[in-house]
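Undergrad:
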Amino acid sequence: MQRKPRFEPSGFVQWQVLTARTIRTMVRKGELLVAVIAPLIFTIGFYLPLKFVMQFQGIDYAQFLMPIIVLQAMAFTAISSAQRASTEAMNGLSTRLKTMPVAIGAPLMARMSSAFIRSVATLTAALAYGHVIGFRFSAGYAQALMFCAMALAISTVLSFGADAIGTLSKSPEATSQALTLPQLILGMASTGFVPETGFPEWIRPFVRNQPISQFSAAMRDMAEGTLSFSVILPALMWILGLTLVLIPLALWASLRRRE
């Protein structure tokens, strides 16, 4: 009697199953709830202390601040991706999946899919809180979509890089701490919170040209309808450069064997 061929699920089905598993874990551990609450903390913590100071300078601080609130929320999602990847590597799940007939890249893409869902949730929450403090998309739906697309693109690229670091790390706690410090430094030394003129002259070139400032400027202009090619180009070049470095790094980290 001829034996029936053994059924092997496709890579697409494996991706679906692993993504669903990760999302269930996120819900069970309250990660999606944290994703919704985090932008509220950022909004209150950043907006209230500087609101009146910026009003004296004639700056609508809700419009000015919103991009950095969104970017901080996206960075927070990336840090969560690093913690998840590190946890899966340390509890042996990543190793077990490599010994099974699982499609190459399916576990990584499942983690990235769950990170994207978290990014959508935290972006939605951030925009809702921004609306409460007075942020508006004055340029219409097209540029509002561009604003959201750039935020999600940045979050996705950063999540790939964070996943690589988490996979290679031996401690989820250390990974989180290591990624939080650069986020804080780049965030504070950027034009996301205050205009370039608020910094000493010696540090202005760095503040002006680092990625957080470039992303903030582009997203701010998208919201206000004043976006120009000279503003969007540096932001896109930063995204492209990070993509060319971080995605291959994540692929390499997810495929290498842990020693």
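Read in our numbering, the sequence shown has 178 at position 178, and its numbers run on one by one without any break.
No residue lacks a Cβ here, since even glycine has one placed at the ideal position from N, Cα and C.
Predicted, not measured: the structure shown is a model, and the values here were computed from it.
Measuring straight from C-alpha to C-alpha, what distance separates A217 and G30?
TA: If I take the Cα positions, the gap works out to 33 Å.
Undergrad: Give me, in chain order, the residues of the same chain whose beta-carbon lies closer than 8 Å to that of A144; leave out the 5 immediate sequence neighbours on both sides.
TA: If we look at A144 and ignore the five residues flanking it on each side, its Cβ neighbours are F137, M222, A223.
Undergrad: What residue range does the alpha helix (DSSP H) around V53 cover?
TA: Note, V53: alpha helix (DSSP H), 31-56.
Undergrad: Can you tell me whether A189 is helix, strand or coil according to DSSP?
TA: Three-state result, A189: coil.
Undergrad: What number of angstroms, rounded off, separates the C-alpha of A253 from the C-alpha of A164?
TA: Rounded to the nearest angstrom, the two C-alpha atoms are 5 Å apart.
Undergrad: So, using beta-carbon positions, are T175 and G166 closer together than 9 Å?
TA: A contact, by the Cβ cut-off of 9 Å.
Undergrad: Take P211 and list the residues in its own chain whose beta-carbon comes closer than 6 Å to its own, dropping the five residues that flank it on each side.
TA: Excluding positions up to five away in sequence, the list reads W238.
Undergrad: Based on Cα-Cα distance, which residue from I68, Q214, T122, M112 lies nearest to L246?
TA: The residue with the shortest Cα to Cα distance from L246 is M112.
Undergrad: What did DSSP end up calling D221 once you bin it into helix, strand or coil?
TA: Note: D221 maps to helix in three-state DSSP.
Undergrad: I believe L108 touches A20 by the beta-carbon criterion, under 8 Å. Please report the beta-carbon distance rounded to the nearest angstrom.
TA: In fact, because the Cβ distance is near 16 Å, the residues do not count as touching under 8 Å.
Undergrad: On the three-pair Cβ rule with 8 Å, is the region 71-79 touching the region 152-164?
TA: Segments in contact, yes.
Undergrad: For E88, report the span of its alpha helix (DSSP H) as first-last.
TA: From DSSP, the alpha helix (DSSP H) with E88 extends over 61-90.
Undergrad: Compare the beta carbon distance of G45 and I104 with 9 Å and say whether it is the shorter of the two.
TA: No; because the gap between Cβ atoms is not below 9 Å, this pair is not in contact.
Undergrad: Taking the beta carbon of V132 as the centre, do at least 16 other beta carbons fall within 10 Å, making it buried, or is it exposed?
TA: Exposed: under 16 other Cβ atoms inside 10 Å.
Undergrad: Are there three or more Cβ pairs, one per stretch, closer than 8 Å when the region 52-61 is compared with the region 113-131?
TA: Cβ pair count under 8 Å is below three, so no.
Undergrad: Smallest Cα separation from L18: which of M54, E88, L50?
TA: Here the closest residue by C-alpha is E88.
Undergrad: Taking only the alpha-carbon atoms, compute the straight-line gap between L240 and M150 and give it to the nearest angstrom.
TA: Taking the straight line from one Cα to the other gives about 12 Å.
Undergrad: Quick check on the burial criterion: 16 or more other C-beta atoms within 10 angstroms. Buried or exposed for T191?
TA: With 16 or more Cβ atoms within 10 Å of its Cβ, T191 is classed as buried.
Undergrad: Under the rule that 16 or more other beta-carbon atoms within 10 Å means buried, what is R258, buried or exposed?
TA: Residue placement at R258 is poorly supported in this model, since its pLDDT is 47, which falls under 50; the coordinates still yield a value, given next. R258 should be labelled exposed.
Undergrad: With respect to 8 Å, is the separation between the Cβ of S176 and the closest non-hydrogen atom of the ligand HEM below this value?
TA: This structure lacks the ligand HEM, and indeed carries no ligand of any kind.
Undergrad: How is T226 classed by DSSP in three states: helix, strand or coil?
TA: Of the three classes helix, strand and coil, the one that applies to T226 here is coil, per DSSP.
Undergrad: Skipping 5 residues on each side, what residues in its chain have a beta carbon closer than 6 Å to that of T43?
TA: Contacts found: I69, Y129.
Undergrad: Over what stretch of residues does the alpha helix (DSSP H) that includes I165 continue unbroken?
TA: From DSSP, the alpha helix (DSSP H) with I165 extends over 141-168.
Undergrad: What are the boundary residues of the alpha helix (DSSP H) that includes G130?
TA: G130 -> alpha helix (DSSP H) spans 106-133.
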